[in-house]
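Only one structure is covered here, and it is reproduced in the block below.
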Amino acid sequence: MGYSAAGRDAQHQALERALTEVHVQGLEDRRGEVATYIPELATVPADRFGLAVASVEGRLWHRGDATAEFTIQSVSKAFSYCLALEICGRETVMQQVGVEPSGDAFNAIVFNPHTNRPFNPMVNAGAITVAALIQRWLGGDALDTVLERLSLAAGRKLGISEPVYRSEAATGHRNRAIAYLLVNAGAAAEPVEPALDLYFRLCSVLVSATDLARMGATLANLGENPFTGEQVFDAGAVRDTLSVMFSCGMYDSSGRWAVDVGIPAKSGVGGGMVGVVNRQLGIGTFSPRLDGHGHSVRGLAAFGQLSSEFGLHAFDCLNYGSEYARGLV
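First residue of the sequence shown? That's 1 in the numbering used here, and the numbers climb one at a time after it.
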């Protein structure tokens with residue numbers, strides 16, 4: 001059954017009201033602390049808060065500091081994994097990186113005891129392995145290729161924060177330890193420094209909440225950017241990426257997230273979060289105050305409110321197929 005223009009307009013207005021409410025409520029929440037283990041991240045204004053929603057029909061709604069740039073950090077892991085599946089091949093990637101939730105912190109120095117490989121590509125060990133695969137396949141073109149794809153997904157040319165990159169490279173001793181353990185386990189090959197450099201640079205890409213919403217909408221739209229019509233990612237790689245985001249994207253709180261919010265998502269310690277409602281929406285938020293798991297406090301609340309109000313949970317009876325949810329797109 002079709003959805004009338006009047007009904008669609010009513011749902012768009014409902015979304016506008018919800019975004020305003022979520023933003024106002026979020027500004028009142030001062031919980032959490034800005035990440036300081038990467039020194040340059042400690043300089044980000046703590047109380048910035050932006051959120052954006054993009055539909056697979058190419059519509060965008062946003063509130064607050066939605067166009068303020070910040071570094072993508074671990075949100076990049078989802079997109080680099082998607083590219084690795086396409087560039088290196090699914091079988092090759094699956095041999096090097098698992099797809100199981102670890103239950104450990106994002107920077108844990110631990111591998112799956114049964115495979116001696118990283119548990120999944122959303123933790124640091126897995127993302128460094130993915131970077132090593134891309135680096136090995138593409139060599140000197142690796143950074144430009146990944147950055148070009150991220151830019152195509154965002155619909156604009158993205159750049160790298162050199163201060164954050166230098167800060168990451170200078171203080172990333174734990175990640176270096178992980179990289180050399182990966183070599184010892186046979187999950188990565190020497191030399192590891194080019195792969196680490198790629199990993200640090202990808203974490204330092206500058207994005208905004210509106211960029212993340214468009215990038216999420218690109219994944220929601222089977223890899224095609226709904227704003228430009230460009231096919232950015234392979235549809236099969238998108239399917240696998242969304243699956244791993246759903247089960248592993250929120251680190252050691254992924255299970256609770258899947259139950260409560262039910263949206264494939266990825267967070268980063270820069271304060272960004274991206275979520276994907278398959279065939280419907282991309283959601284991007286930015287607020288640098290983090291909880292103990294490294295997730296944006298305001299971002300978590302925003303996703304929870306939007307999921308509840310609009311039935312965005314993957315297994316909610318309101319999700320795709322109901323007049324209410326379908327009216328958003």
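We put the beta carbon where it would ideally sit given N, CA and C, even for glycine.
Keep in mind the model is a prediction, meaning the values are calculated, not measured.
Query                                                                                                                                  : Result
According to DSSP, residues forming a beta bridge with residue 70                                                                      : 207
Three or more C-beta pairs below 8 Å linking the region 12 to 27 and the region 56 to 71                                               : yes
Assigned secondary structure, residue 16 (DSSP; H/G/I helix, E/B strand, else coil)                                                    : helix
Helix, strand or coil at residue 250 [DSSP, three-state]                                                                               : coil
Other residues of its chain near residue 96: CB distance less than 7 Å, five sequence neighbours each side excluded                    : 117, 129, 133, 187
Which of helix, strand or coil DSSP assigns to residue 215                                                                             : helix
Residue 135, buried or exposed, once every other Cβ within 10 Å from all chains shown has been counted against 16                      : buried
Beta-carbon gap between residue 146 and residue 51 smaller than 8 Å                                                                    : no
Continuous beta strand (DSSP E) stretch holding residue 93: start and end                                                              : Here residue 93 belongs to no beta strand (DSSP E); instead the alpha helix (DSSP H) covers 90 to 96.
Residues that residue 296 bridges to, as DSSP identifies them                                                                          : 290
Residue 245 vs residue 54 beta-carbon contact at 8 Å                                                                                   : no
Three-state secondary structure (DSSP) of residue 314                                                                                  : coil
As assigned by DSSP and simplified to three states, the class of residue 346                                                           : No information on residue 346 is available, as it lies outside the stretch 1 to 329 that the chain covers here.
Residue range of the beta strand (DSSP E) that includes residue 52                                                                     : 50 to 55
C-beta contact flag for residue 86 and residue 237 at 8 Å                                                                              : yes
Those residues which DSSP pairs with residue 63 across a bridge                                                                        : 51
Anticipated Cβ contact below 8 Å, residue 269 with residue 73, distance rounded                                                        : 5 Å
Stretch pair the region 206 to 219 + the region 269 to 285: three plus CB contacts closer than 8 Å                                     : yes
Length of the line joining the Cα atoms of residue 280 and residue 230                                                                 : 17 Å
Reduced DSSP category for residue 80 - H, G, I as helix; E, B as strand; rest coil                                                     : helix
Identity of the residues DSSP links to residue 281 by a beta bridge                                                                    : 55, 277
Contacts around residue 339, its chain only, beta-carbon distance under 8 Å, and the 5 residues preceding and following it disregarded : It is not possible to answer for residue 339, since the shown part of the chain is limited to 1 through 329.
Under 8 Å between C-beta atoms of residue 294 and residue 261                                                                          : no
Inter-residue spacing [alpha-carbon to alpha-carbon] between residue 91 and residue 199                                                : 22 Å
Cα-Cα separation, residue 42 to residue 176                                                                                            : 21 Å
Euclidean distance between Cα positions of residue 300 and residue 59                                                                  : 23 Å
Whole-Å CB distance - residue 31 paired with residue 259, under 8 Å assumed                                                            : Going by Cβ atoms, the distance from residue 31 to residue 259 rounds to 22 Å, so no, they are not a contact pair.
Distance between residue 317 and residue 165 (C-alpha atoms, nearest Å)                                                                : 44 Å
Inter-residue CB distance, residue 204 and residue 168 (contact presumed, cutoff 8 Å)                                                  : 6 Å
Local Cβ density within 10 Å of residue 37, reported as buried at 16 or more and exposed below that                                    : exposed
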